[in-house]
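K.L.:
Structure provided below as structure tokens; questions to follow.
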Amino acid sequence: MKGGGFPKLVLWLEKLDLLEWTDTDCDGNCFPCLEKLLLIGGSLKPEIVPPCLVSIPTLEMIKVKTRKENESLVSLVRRIEEEQQSYGNENLKILIDYY
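So for the sequence shown, the working numbering puts the first residue at 229; every next one is plus one.
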């Protein structure tokens with residue numbers, strides 16, 4: 229482990245109801261080694277994409293499992309995808325499963 233961090237990181241958020249995601253790290257570098265983001269169930273409705281999820285060069289995949297009516301979560305993931313592409317991450321995979 230370099231600098232006490234994680235060389236590879238998976239962030240798994242399950243059944244989380246979230247209206248606001250506040251980034252306390254000013255430079256948006258909370259997860260410098262994040263490879264996978266899993267959002268399972270729950271409801272995420274932040275109005276803006278959390279800065280800590282925008283410029284992560286190591287992010288390879290976002291996987292979502294949600295109800296069809298939870299378009300706010302899918303919309304958030306698509307905005308993260310757009311932001312990642314603007315930072316040059318063209319290889320990000322988005323997997324969305326509905327239940």
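For every residue, glycine included, the Cβ atom is placed at its ideal position computed from N, Cα and C.
(1) Do the CB positions of Leu262 and Thr294 come within less than 8 Å of each other?
(2) Excluding the five sequence neighbours on either side, which residues of its own chain have a C-beta within less than 7 Å of the C-beta of Lys296, listed in chain order?
(3) Is the distance from the Cβ of Leu241 to the Cβ of Leu281 below 8 Å?
(4) Taking the DSSP output, what are the residues bridged to Glu244?
(5) Within this structure, are the beta carbons of Val302 and Ile268 separated by less than 8 Å?
P.N.:
Inspection of the coordinates gives the following:
(1) Not in contact: Leu262 and Thr294 (Cβ atoms no closer than 8 Å).
(2) Here the set comprises Tyr326.
(3) Taking 8 Å as the cut-off, the Cβ atoms of Leu241 and Leu281 do not count as close.
(4) First, the residue type needs correcting, since residue 244 is Leu and not Glu in the sequence shown. Answer is none; Leu244 lacks a bridge partner.
(5) Against a cut-off of 8 Å, the Cβ pair of Ile268 and Val302 comes out as no contact.
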